[in-house]
Amino acid sequence: MQIHEFSTGIQVERTSDGGWVSKGFTGDYMNKTLSTIPPALRDAITNREFSVGEGGHGNEPATIGRVVSGYGEEWSVVAAIAKEKDDRGRRASLYRYFLAEGRGQLENILAWMNEEKQQGRRIIFDPFQPKRVGQPNEYRPKSRTGFQLREDLDALLSGAAPAIVPAGVRCMPLSLNEMAKQMAKCNGGPIAWAFKVEALEQPRMFQVIQPGSDRAEDLLRRALASQPRLTTPIAGEQAIKNAVKGLTRKVKPEALLVLDNALENPAIDERFWEGIFNGQGADKARSQGLYSEQMVKLLTLRGMILPETLPEFVQWMKARSGKQKEHWEICSHFQSEICSYFQSEVLIESNQLLQLRNCRENAVRGVRSLIPRVINKPELVSAVVWFLASSQRIWGYWYKEKVRDEIENDLSLMSQFVRQKNNNLDFQTTQDQSWKKILEDIAIFWQIQANPRKKFEPLADLFSQLRNPKIAALFYQICFHAVPKEIVFELRSRGYHSEVYGIHINREVGIFEQLSNFILKLGEIIMPLPYVIFLMIFMLSGGFFAGAQLTKIEPTEQYTNQRKTSSTYRQNSQNNFEQDNFKNSQSQTSTNSNISNNEIDTKILANANKKFDLTIQNLTALINELKVESNLPENEIVQELKQVLKAEQSDSLDYATAKTGNIQEKNKWIKAIYNYQLTREFLSPDGVINTNKDTSNTLKCDVAKRLDITFPNQDKICYSKNQNTNLQNAPGGEG
586 MQIHEFSTGI QVERTSDGGW VSKGFTGDYM NKTLSTIPPA LRDAITNREF
636 SVGEGGHGNE PATIGRVVSG YGEEWSVVAA IAKEKDDRGR RASLYRYFLA
686 EGRGQLENIL AWMNEEKQQG RRIIFDPFQP KRVGQPNEYR PKSRTGFQLR
736 EDLDALLSGA APAIVPAGVR CMPLSLNEMA KQMAKCNGGP IAWAFKVEAL
786 EQPRMFQVIQ PGSDRAEDLL RRALASQPRL TTPIAGEQAI KNAVKGLTRK
836 VKPEALLVLD NALENPAIDE RFWEGIFNGQ GADKARSQGL YSEQMVKLLT
886 LRGMILPETL PEFVQWMKAR SGKQKEHWEI CSHFQSEICS YFQSEVLIES
936 NQLLQLRNCR ENAVRGVRSL IPRVINKPEL VSAVVWFLAS SQRIWGYWYK
986 EKVRDEIEND LSLMSQFVRQ KNNNLDFQTT QDQSWKKILE DIAIFWQIQA
1036 NPRKKFEPLA DLFSQLRNPK IAALFYQICF HAVPKEIVFE LRSRGYHSEV
1086 YGIHINREVG IFEQLSNFIL KLGEIIMPLP YVIFLMIFML SGGFFAGAQL
1136 TKIEPTEQYT NQRKTSSTYR QNSQNNFEQD NFKNSQSQTS TNSNISNNEI
1186 DTKILANANK KFDLTIQNLT ALINELKVES NLPENEIVQE LKQVLKAEQS
1236 DSLDYATAKT GNIQEKNKWI KAIYNYQLTR EFLSPDGVIN TNKDTSNTLK
1286 CDVAKRLDIT FPNQDKICYS KNQNTNLQNA PGGEG
């Protein structure tokens, strides 16, 4: 077996008598046989789990043995601790650590150390006993029989940990190790023992302790009596505290790894984490509305580590009154820094791949639990959209990477589950009870045309603003028995009826569209002239609404009234908050129809005509790039481009004719571009598409989104401009 070692790092100086003194600590380790200290051992040292008190007066070296685990590793570690003097005569504890991989190696390390002493080699700190990285100590373990404790030592195991072996009792480290193994088996916790120690900084972190003197024993017993065990000490607690505090100052992968590893520890529960966060002010920030940079970051971390607190955090972010928005920017930047470690592979100093598996799982759980909260708290829709819309943020990234697909998977399975009574299906969101309840509530819609469930309107609006038209369409159908036409258009459907997830959906039909359909139906009927004249007079004198009722087309009057409320709600939500990537399609379509009759200024039109060659050149480049990235035919990309520019009248734009320089076609494209620019507050309306500028990039992002195309630097291009705009309009409270 291999036994590695390393020692406390000091600046050393030879003395005239052949000895040495310390000139101070270096802050690193020396005489190492391995290049990087295992993270679990590093955390244990940081948490003072090997530390002896500096107030002890004994001269005999102390020995501490313990098993440390974490980060998918386990190590058996023995520390030999000597008291030495520095150049000013002060005493300091200097440590020499011996370690072997695996939890059952403490006996072998002790046996090797004993052999080294028998051969006259020092096993305590010696700065002039150099060691080389990659050259550990080799030892061949000897076969051993079961270890039998003496009766007097065995009798000490009946109480609670730590068991105290009196200073005057003859005992060896091997006996302490056996006692600690038996105590750990009964009481839980890691194997940990201390031999001949004068003082310990964390005595409750041990199973068995033998003090080095009667005085030390008396002090130890009094200390344990005055500090009764209230909770089981957590290994690495100090390292966790340091990691949380450090991350609020600077995001470092090693600190994230500490938190990820702590999430694996079964001894660490929600109460422990709340103590960590509240110890740094999280409870006061929530109750007193403290939105300092440190508190925003602290509560962001809390939402990531404790997913059940994420909805509370979202509400806290939105609750800040007035026009103060800087907390959104702080939160966005902080999430972006952490999220970068989810998005790419990172090697930390130990050449270990930073995977953050537990943080990832908690973030996914947070997204699953957050979305259903809007059902009972519709005022949170805009804030939830902010958290989920951008893949540059923790929860937005995992929504797009995982949870969105989980929702679509489960909705796709509902038809088999309900109609075919198939219970052997892989539902994924139902790990969260809220999603399980949602699916149970809506299951009836796969059986019959059930009564509308208007309570799901916030979900429909949420998915609409997140640009997930298929999911949005399902919930609009469940809410109103009809779906806004702009959502249906995003599904690339132009008919009145279509299907999503095995459910028939009906497109919303406006009053004028109903009237036109009614007139077309009349045209198919032969009726006497007096009836025709009567109907025309009736409709012209205010009978339009009654005429509409003669049609068989859904939706009903009840739906129309409901949709007024829904539209008002979504508009208020939009006023409070503009989405990250781009405004939702219904806002865009509505705006286009409102400004379609706007007359473009003659000077703007003339200037755009002069630059139309540049516009058509950039349009062609945009189309070609998306064609290469998607392998879609050019005509399909052009069709989507025209719909983005002029959704209601896309067929009136002729791309091929515009390329020939036809003046009428050029003017139509210029006006369409100008109107499109008006729908985006951050674009300058001039009817021109410049190379790699805002209009070109935003248009490319919109078309790519509609066609589900990805292209290089998409997140940077599509979110950077909109992110800044969004932060100015982030969901707030009053004002």
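In our numbering, the protein residues as written are 586 to 1320. Each residue gets a CB set at the ideal place from its N, CA and C atoms; glycine is no exception.
Original post:
Is the distance from the Cβ of Leu626 to the Cβ of Val653 below 8 Å?
Top reply: The residue given as residue 626 occupies position 41 in the sequence shown. The residue given as residue 653 occupies position 68 in the sequence shown. A contact, by the Cβ cut-off of 8 Å.
Subject >> Sequence-distant residues of the same chain with beta carbon closer than 8 Å to His1082, five excluded per side >> reply: As a working mapping, residue 1082 is identified with position 497 in the sequence shown. Closer than 8 Å at Cβ, skipping near neighbours: His1089, Ile1090, Asn1091 and Arg1092.
**OP:** For Glu855, count neighbouring C-beta atoms within 10 Å of its own C-beta (all shown protein chains included) and say buried if the count is 16 or more, exposed if not.
**Re:** In the sequence shown, the residue the question calls residue 855 occupies position 270. With fewer than 16 Cβ atoms within 10 Å of its Cβ, Glu855 is classed as exposed.
Subject >> Minimum Cβ-Cβ distance from Arg755 to chain C less than 8 Å >> reply: The chain inventory of the structure shown lacks chain C, comprising one protein chain alone.
Original post:
For the stretch 1006–1019 against the stretch 1028–1044, are there 3 or more C-beta pairs whose distance is under 8 Å?
Top reply: no
**OP:** Give, in chain order, every unbroken run of the beta strand (DSSP E) that is at least 3 residues long and sits entirely within the stretch 788–840.
**Re:** 793–796
Subject >> Endpoints, the alpha helix (DSSP H) within which Arg1004 is located >> reply: Along the sequence shown, read from residue 1 onward, the residue named residue 1004 stands at position 419. First-last of the alpha helix (DSSP H) with Arg1004: Arg989 to Arg1004.
Subject >> Nearest-angstrom Cα separation, counted from Val952 out to Val988 >> reply: Taking the sequence shown and counting its residues from 1, the one referred to as residue 988 is at position 403. Taking the sequence shown and counting its residues from 1, the one referred to as residue 952 is at position 367. Roughly 7 Å between the two C-alpha positions.
**OP:** Specify the secondary structure class of Arg945 as computed by DSSP and reduced to three states.
**Re:** Indexing the sequence shown from 1 puts residue 945 at position 360. In this structure, Arg945 counts as helix in the three-state DSSP scheme.
**OP:** Below 7 Å CB to CB, which residues in the same chain sit around Gln581 once its five sequence neighbours on both sides are set aside?
**Re:** Here the chain covers residues 586 to 1320 and nothing more, so residue 581 does not appear.
Subject >> Inter-residue Cα distance where the pair is Ala870 and Gln940 >> reply: Translated into positions along the sequence shown, residue 870 becomes position 285. Translated into positions along the sequence shown, residue 940 becomes position 355. Ala870 and Gln940: Cα-Cα distance of roughly 30 Å.
Original post:
Whose C-alpha, out of Val836, Ser1215 and Trp660, is nearest the C-alpha of Asn693?
Top reply: For the purposes of this step, residue 693 is taken as residue 108 along the sequence shown, with counting starting at 1. Comparing Cα-Cα distances from Asn693 to each of Val836, Ser1215 and Trp660, the minimum goes to Trp660.
Original post:
Quick one: what does DSSP say Gln587 is sitting in, helix, strand or coil?
Top reply: Here residue 587 refers to the residue found at position 2 of the sequence shown. Of the three classes helix, strand and coil, the one that applies to Gln587 here is strand, per DSSP.
Original post:
How long is the line joining the alpha carbons of Leu1051 and Ala974, rounded to whole angstroms?
Top reply: Start at 1 with the first residue of the sequence shown, and residue 1051 comes out as number 466. Start at 1 with the first residue of the sequence shown, and residue 974 comes out as number 389. Those two C-alpha atoms are separated by around 6 Å.
**OP:** Tell me whether the beta-carbon of Ala808 lies closer than 8 Å to the beta-carbon of Pro788.
**Re:** Within the sequence shown, the letter at position 223 stands for residue 808. Within the sequence shown, the letter at position 203 stands for residue 788. Yes, the pair counts as a contact, with Cβ atoms nearer than the cut-off.
Original post:
How many angstroms separate the CA atom of Phe1296 from the CA atom of Asn1203?
Top reply: Your numbering for residue 1296 matches position 711 in the sequence shown. Your numbering for residue 1203 matches position 618 in the sequence shown. Distance between the alpha carbons of Phe1296 and Asn1203 is about 16 Å.
Original post:
Under 8 Å, do Leu842 and Pro624 count as touching if we go by C-beta distance?
Top reply: Here residue 842 corresponds to residue number 257 of the sequence shown, with the count starting at 1. Here residue 624 corresponds to residue number 39 of the sequence shown, with the count starting at 1. Contact: yes.
Original post:
How should Glu822 be labelled, buried or exposed, when 16 other C-beta atoms within 10 angstroms of its C-beta is the threshold for buried?
Top reply: Within the sequence shown, the letter at position 237 stands for residue 822. So Glu822 counts as buried.
**OP:** Note down, in chain order, each residue of its chain lying with its Cβ closer than 6 Å to the Cβ of Lys1039, except the 5 sequence neighbours on either side.
**Re:** As a first step, residue 1039 is located in the sequence shown; it is residue number 454 there, counting from the start. Contacts found: Cys1064.
Original post:
Can Ser592 and Phe710 be called in contact, C-beta distance under 8 Å?
Top reply: Reading the sequence shown from its first residue, position 7 is the one you call residue 592. Reading the sequence shown from its first residue, position 125 is the one you call residue 710. Yes, Cβ-Cβ distance for Ser592 and Phe710 is below 8 Å.
**OP:** Assuming Gly888 contacts Phe898 (C-beta within less than 8 Å), just tell me the rounded distance between them.
**Re:** Here residue 888 refers to the residue found at position 303 when the sequence shown is read from its first residue. Here residue 898 refers to the residue found at position 313 when the sequence shown is read from its first residue. Indeed they touch by this definition, with Cβ atoms about 4 Å apart.
**OP:** Determine the burial state of Phe1162: buried for a count of at least 16 other Cβ atoms within 10 Å of its Cβ, exposed for fewer.
**Re:** As a working note, residue 1162 is residue 577 in the sequence shown. Any reading at Phe1162 must be qualified, since the residue scores a pLDDT of 45, below 50, and its modelled position is unreliable; no value is offered.
Original post:
Exposed or buried, which one is Asp1165 when buried takes at least 16 other CB atoms within 10 Å?
Top reply: Counting from 1 along the sequence shown, the entry for residue 1165 is found at position 580. Per-residue confidence for Asp1165 stands at a pLDDT of 39, beneath the threshold of 50, marking its modelled position as unreliable; no derived number is given.
Original post:
Trp983 and Leu955: beta carbons closer than 8 Å?
Top reply: Sequence index remark: in the sequence shown, residue 983 carries index 398 (1-based). Sequence index remark: in the sequence shown, residue 955 carries index 370 (1-based). No, these two residues do not count as a Cβ contact at 8 Å.
Original post:
Which word fits Thr1205, buried or exposed, when buried means at least 16 other C-beta atoms lie within 10 angstroms of its C-beta?
Top reply: To locate residue 1205, count along the sequence shown from 1; it is residue 620. It counts as exposed.
Original post:
With 16 as the cutoff for other CB atoms within 10 Å, does Arg681 come out buried or exposed?
Top reply: The residue given as residue 681 occupies position 96 in the sequence shown. That one is buried.
Original post:
Distance, Cα to Cα, Val662 vs Glu802?
Top reply: Position 77 of the sequence shown, counted from the start, is the residue given in the question as residue 662. Position 217 of the sequence shown, counted from the start, is the residue given in the question as residue 802. So the two alpha carbons sit approximately 24 Å from each other.
**OP:** Let me know the alpha helix (DSSP H) ranges lying completely inside the stretch 689–772, each 4 residues or longer, listed in chain order.
**Re:** 691–703, 736–739 and 758–772
**OP:** Assuming Ser607 and Glu669 form a contact by the criterion Cβ under 8 Å, report the distance between their Cβ atoms to the nearest whole angstrom.
**Re:** In the sequence shown, counting from the first residue as 1, residue 607 sits at position 22. In the sequence shown, counting from the first residue as 1, residue 669 sits at position 84. So it is a contact: roughly 6 Å between Cβ atoms.
Original post:
Rounded to the nearest angstrom, how far is the Cβ of Leu1047 from that of Val949, given a contact under 8 Å?
Top reply: Counting from one through the sequence shown, the residue named residue 1047 turns up at place 462. Counting from one through the sequence shown, the residue named residue 949 turns up at place 364. With 8 Å as the limit, Leu1047 and Val949 do not qualify as a contact, their Cβ atoms being about 18 Å apart.
**OP:** Using only alpha-carbon positions, find the residue among Leu1207, Leu891, Ala746 and Leu1268 that is nearest to Val1288.
**Re:** Numbered from 1 along the sequence shown, position 703 holds the residue referred to as residue 1288. Of the listed residues, the one whose Cα sits closest to Val1288 is Leu1207.
**OP:** Starting from the C-beta of Phe1012, find all residues in its chain whose C-beta is less than 7 Å away, skip the five residues before and the five after it, and write them out in chain order.
**Re:** Position 427 of the sequence shown, counted from the first residue, corresponds to residue 1012. Around Phe1012: Asp995 and Leu998.
**OP:** Look at Ile1056 and Glu986 and say whether their C-beta atoms are less than 8 Å apart.
**Re:** Sequence index remark: in the sequence shown, residue 1056 carries index 471 (1-based). Sequence index remark: in the sequence shown, residue 986 carries index 401 (1-based). No, Cβ-Cβ distance for Ile1056 and Glu986 is not below 8 Å.
Subject >> Spatial distance of Ile630 from Asn1008 (CA atoms) >> reply: Your numbering for residue 630 matches position 45 in the sequence shown. Your numbering for residue 1008 matches position 423 in the sequence shown. Roughly 51 Å separates the two Cα atoms.
**OP:** Taking Ala968 and Met902 to be in contact with their CB atoms under 8 Å, please state how far apart those CB atoms are, rounded to whole angstroms.
**Re:** Counting from one through the sequence shown, the residue named residue 968 turns up at place 383. Counting from one through the sequence shown, the residue named residue 902 turns up at place 317. So it is a contact: roughly 6 Å between Cβ atoms.
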